[in-house]
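Some notes on the structure that comes next.
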Amino acid sequence: MAAAAAAFTCPTTIISTATAAAARIRSKSALSFTLSNTWSLPIAKPFPLKTPNPVRIPNTSPKFSTKSSKTTSNSDLSLADNAGSGSPSASVSPQTLKSRLHSGETLYGLFLLSFSPTLAEIAGLAGYDFVVVDMEHGPGGIPDALSCLRALAATRTPAILRLPESSPTWAKKALDLGPQGIMFPMIDTPKEAKKAVSYCRFPPAGIRGTAHTVVRASGYGIDEGYLGNYADELLIMCQVESEDGAKRAEEIATVDGVDCVQMGPLDLSASMGYLWDPGHKKVREMLRRAEKAVLGTTGKAGGGAFLAGFAMPHDPPEQMKSRGYHMVSGAVDVGLFRSAAVEDVRRFKTSLIDGSDDETDHDKDADEKYWSE
């Protein structure tokens with residue numbers, strides 16, 4: 001036992017050497033402890049935050065637009081400049097929706113009711129000029145919309161948020177997410193349009209609450225130019241979707257700050273007593289008068305708005321474009337999936353019937369379902 005114990009005994013010289021080495025290491029450490037009431041902790045000097053270099057994703061998808069977009073702007077409220085992957089380039093940023101409209105383009109978009117970030121991403125990659133995240137008729141709220149905006153930003157596709165109602169609270173929460181556009185539903189009078197604009201402007205120009213130093217719209221405070229640019233880059237859209245609103249479309253379009261008037265054929269037909277029949281002759285006549293009223297203001301000095309609207313089975317995107325629409329929403333994600341799913345099941349069920357003809361012509365117009373505004 002004594003021999004075994006001796007085998008595990010460390011020489012005193014080894015212990016002394018190790019102790020001295022440890023002491024030298026401690027003396028050289030950057031972190032020193034003062035044996036007093038306080039500890040002395042050297043802290044590195046703070047470094048200034050810099051705006052991250054934008055990462056660009058080349059976009060070669062075909063567009064509905066009538067002109068190519070080559071002129072650039074310095075910012076994008078959807079934060080697309082800082083999203084995605086690809087090779088960094090010089091300080092080249094995509095145009096905003098607002099600047100593209102002023103340059104004469106016709107834009108083609110999609111409504112997103114599912115609040116699925118995956119479908120939002122697919123829509124962006126497909127080449128839509130914009131996607132409207134619909135909080136009025138879709139099931140999602142602010143957190144769900146944020147996920148969709150991030151997915152769209154990764155594809156450098158501008159997002160527009162449609163509010164559940166025209167109120168300062170909803171506008172404030174939506175704008176803090178940083179969309180390129182905001183859509184106010186059920187605007188029937190110029191007074192309501194003025195209120196909508198005020199919800200989008202910081203005091204003294206409006207009543208929007210400010211937390212611009214920490215919200216996504218300003219890059220969480222990193223974008224130092226946000227306050228100077230936000231009003232010029234944000235697209236404010238007022239939706240005219242009642243008989244009263246259609247009759248006052250020109251007055252609404254000329255309200256200072258209203259950039260675009262969005263026509264709503266379904267609610268318009270309902271307000272005129274023709275629920276679910278937006279193709280009724282009287283509804284179409286009212287819609288045409290409102291369209292011409294808005295188009296008469298476009299480009300006028302001192303005010304005027306662009307014209308936007310929904311495509312319908314009886315009124316396809318191409319016809320709307322020919323009538324002068326500047327923004328056309330051609331589909332809704334839920335409707336696209338519904339139609340594809342129903343057709344997929346129909347084809348399979350039909351194939352099970354002996355002697356069936358897969359080429360049978362179906363009356364699609366009769367079965368077509370109008371999607372919600």
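Letter 205 of the sequence shown, counting from 1, is numbered 205 in UniProt numbering, and no numbers are missing.
Even for Gly, the Cβ is constructed at its ideal location relative to N, Cα and C.
Remember, it's a predicted structure, so these values are computed and weren't measured experimentally.
List the endpoints of the continuous alpha helix (DSSP H) containing residue 162.
No alpha helix (DSSP H) contains residue 162, which is instead part of the beta strand (DSSP E) from 159-162.
Inter-residue CB distance, residue 253 and residue 197 (contact presumed, cutoff 8 Å):
Between residue 197 and residue 253 the Cβ distance is about 12 Å, and since that is not below 8 Å, they are no contact.
Going by DSSP, which residues form a beta bridge with residue 134?
162
Which same chain residues, not among the five before or five after residue 216, have their C-beta less than 6 Å away from its C-beta?
177 and 178
Burial state of residue 151 (16 or more Cβ within 10 Å)
buried
How many angstroms separate the CA atom of residue 56 from the CA atom of residue 95?
Unreliable placement is indicated for residue 56, whose pLDDT of 36 sits below 50; no coordinate value is reported for it.
Under 7 Å, do residue 237 and residue 260 count as touching if we go by C-beta distance?
yes
How do the region 344-354 and the region 308-321 stand: do at least 3 beta-carbon pairs fall below 8 Å, yes or no?
no
Which stretch, first to last residue, makes up the alpha helix (DSSP H) that contains residue 180?
It is not in any alpha helix (DSSP H) - residue 180 carries neither H nor E in the DSSP assignment.
Near residue 146, which residues of its chain fall below 8 Å by C-beta distance, leaving aside the five closest residues on each side in sequence?
177 and 216
Can you tell me whether residue 297 is buried or exposed? The criterion is at least 16 other CB atoms within 10 Å of its CB, across all chains shown.
buried
Alpha carbon to alpha carbon, what distance is there between residue 242 and residue 278?
12 Å
Enclosing beta strand (DSSP E) for residue 239 [first to last residue]
235-240
Presumed contact (8 Å Cβ cut-off) between residue 332 and residue 108, rounded CB distance
Residue 332 to residue 108, Cβ: 14 Å. No contact.
Could you tell me which residues DSSP pairs with residue 112 in its beta bridges?
133
Could you check how far apart the C-beta atoms of residue 240 and residue 290 are, in whole angstroms? I think they sit under 8 Å.
6 Å
Less than 7 Å between the C-beta atoms of residue 160 and residue 183, yes or no?
yes
If residue 148 sits next to residue 115, beta carbons under 8 Å apart, how far is it from one beta carbon to the other, in whole angstroms?
6 Å
For residue 190 and residue 181, what's the separation of their Cα atoms in angstroms?
20 Å
Among all the DSSP beta bridges, which residues are the ones paired with residue 329?
109 and 310
Alpha carbons only, please: which of 113, 120, 288 and 117 is nearest the one belonging to residue 134?
113
Cut-off 7 Å between Cβ atoms - residues of its own chain near residue 119, not counting five sequence neighbours on either side:
112 and 333
Please state if the CB of residue 283 and the CB of residue 272 are separated by a distance shorter than 7 Å.
yes
Cβ-based burial, residue 301 [other Cβ within 10 Å; buried from 16]:
exposed
Counterpart residues of residue 260 in DSSP-defined beta bridges
237 and 306
Pull up the distance between the alpha-carbon of residue 98 and that of residue 234, whole angstroms please.
7 Å
Go ahead and pull the three-state DSSP assignment for residue 184.
strand
So what does residue 232 bridge to, in DSSP terms?
None, per the DSSP bridge assignment.
Taking Cβ positions, are residue 335 and residue 325 nearer each other than 7 Å?
no
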